[in-house]
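Here is the structure we will look at, set down as structure tokens.
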Amino acid sequence: MSELTAVPTVYFCHGLPGSPADANLISEGLLPGTRVVAPKLLEAGRDVDNILDETVTQFDKLIADARGYIHVIGFSIGAMVACKIAAERPEEVGRLSLISPAAPLQLGDFLPHMAGAPVFEMARDHPRRLAMATVAQGIAARLAPGLLIKALFAKCGSQEQALIEDPQVQFLLKRALENSYRKHPLQYRQMLTAYVGDWTEVLPSIQCPVDLWHGTADSWSPLAMSEALKIAIKAPTTLHEIKGGEHYSTLAKFCVDG
82 MSELTAVPTV
92 YFCHGLPGSP
102 ADANLISEGL
112 LPGTRVVAPK
122 LLEAGRDVDN
132 ILDETVTQFD
142 KLIADARGYI
152 HVIGFSIGAM
162 VACKIAAERP
172 EEVGRLSLIS
182 PAAPLQLGDF
192 LPHMAGAPVF
202 EMARDHPRRL
212 AMATVAQGIA
222 ARLAPGLLIK
232 ALFAKCGSQE
242 QALIEDPQVQ
252 FLLKRALENS
262 YRKHPLQYRQ
272 MLTAYVGDWT
282 EVLPSIQCPV
292 DLWHGTADSW
302 SPLAMSEALK
312 IAIKAPTTLH
322 EIKGGEHYST
332 LAKFCVDG
């Protein structure tokens, strides 16, 4: 059995807001016996100002005893972390999957088409406003998480609206809000700051095969982001377009064997 046909260790990088519990949505699409490592990215290390570098160190620690190859999966903004790890640890990472990925903003005119544009603009241009907004979201996450979820998904389509009615998905989303807005607001903001910065330089350094999964109706990260990533990544890259798929619904449809 070749290395890439063996059951891998999956290393799942959640989005923002997000938590390791997001990995539950891909469980049905994994091979039987797959070991899933879902790191607490917002607890990657003490050097908050260099949180992206800390996630690579965290990866080293968490996969130290892994056997076989590592399949890194990045969801949404977690794609940034996944790309960073794949680029800096080419000997360990045998495959990279990016689901509903949020590509570097420098690759295209994406912001006008992103539901979270105001947040990214604050992270880039008005960090104090972002800090205040995060405090407000933390209060909302504590007092009325259901209402906050509805507000965040207000511009989403029918697939996403149906998905968030699922009690399991509601639980995962509440964990995401708690983890990002209440437990780790500083780290959440620093990760956003890293995202809106220019991280395009890591993309040409990725050496493993890459598969992109993107819904054609994604209002959080437009399909054009995956199309731009396919060009920027020099390694063999396949784009799976999920017709009518949105952000979280595409995550739930991910299948490791395509």
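First residue of the sequence shown? That's 82 in the working numbering, and the numbers climb one at a time after it. Glycine included, every Cβ here is placed at the ideal spot set by N, Cα and C. No experiment lies behind these values; they were computed from the predicted model shown.
Residue i versus residue j - alpha carbon distance
i, j, result
"PHE140", "VAL118", "9 Å"
"THR274", "SER108", "30 Å"
"GLU308", "VAL162", "19 Å"
"SER83", "LEU112", "Caution is warranted here: a pLDDT of 43 is assigned to SER83, below 50, making its placement in the model unreliable, and no coordinate value can be reported."
"PHE335", "PHE234", "20 Å"
"PRO101", "SER330", "17 Å"
"ILE287", "THR215", "33 Å"
"ALA104", "VAL200", "24 Å"
"ALA316", "VAL88", "22 Å"
"SER302", "PHE93", "18 Å"
"MET213", "LEU258", "16 Å"
"LEU122", "LEU97", "10 Å"
"ARG176", "ALA168", "11 Å"
"GLU322", "GLY114", "27 Å"
"PHE191", "ALA305", "8 Å"
"ARG116", "ARG170", "19 Å"
"LYS427", "PRO193", "Outside the modelled stretch of the chain, which goes from 82 to 339, sits residue 427, for which no answer is possible."
"LEU267", "ALA204", "12 Å"
7 Å Cβ cutoff met for residue i and residue j
i, j, result
"GLY296", "GLU327", "yes"
"LYS165", "VAL283", "yes"
"CYS289", "VAL137", "no"
"LEU106", "ALA333", "yes"
"TRP294", "ILE180", "yes"
"ALA145", "THR90", "no"
"ALA298", "GLY227", "no"
"ALA222", "ARG256", "no"
"LYS236", "SER178", "no"
"TYR276", "ILE154", "no"
"ALA183", "ALA160", "yes"
Residue i, enclosing beta strand (DSSP E) - first and last residue
i, result
"PHE234", "Taken as a continuous stretch (DSSP letters only), PHE234 belongs to no beta strand (DSSP E), as it is neither H nor E."
"GLU308", "Premise fails: GLU308 lies in the alpha helix (DSSP H), 304 to 313, not in any beta strand (DSSP E)."
"GLY296", "291 to 296"
Residue span of the alpha helix (DSSP H) that contains residue i, given as start and end
i, result
"ASP141", "132 to 143"
"SER330", "328 to 334"
"ASP206", "198 to 206"
"LEU179", "Segment 174 to 180 is the beta strand (DSSP E) holding LEU179; no alpha helix (DSSP H) there."
"GLU322", "Note, GLU322: premise wrong, no alpha helix (DSSP H); beta strand (DSSP E) at 318 to 323."
"VAL283", "Counting along the chain, VAL283 falls outside any alpha helix (DSSP H), and DSSP gives it neither H nor E."
Heavy atom of the ligand ATP within 6 Å of residue i beta-carbon
i, result
"ALA313", "In the structure on display, the ligand ATP does not appear, and there are no ligands present to speak of."
*Examine the Cβ distances between the region 261 to 272 and the region 119 to 136 and report whether three or more of them are shorter than 8 Å.*
yes
*Touch check for the region 310 to 322 and the region 193 to 213: three-plus C-beta pairs under 8 Å?*
no
*Whole beta strand (DSSP E) runs in the region 211 to 269 with 3 or more residues, listed along the chain?*
none
*asked:* Ignoring anything shorter than 4 residues, give me the alpha helix (DSSP H) runs that lie fully in the region 83 to 124, in order along the chain.
replied: none
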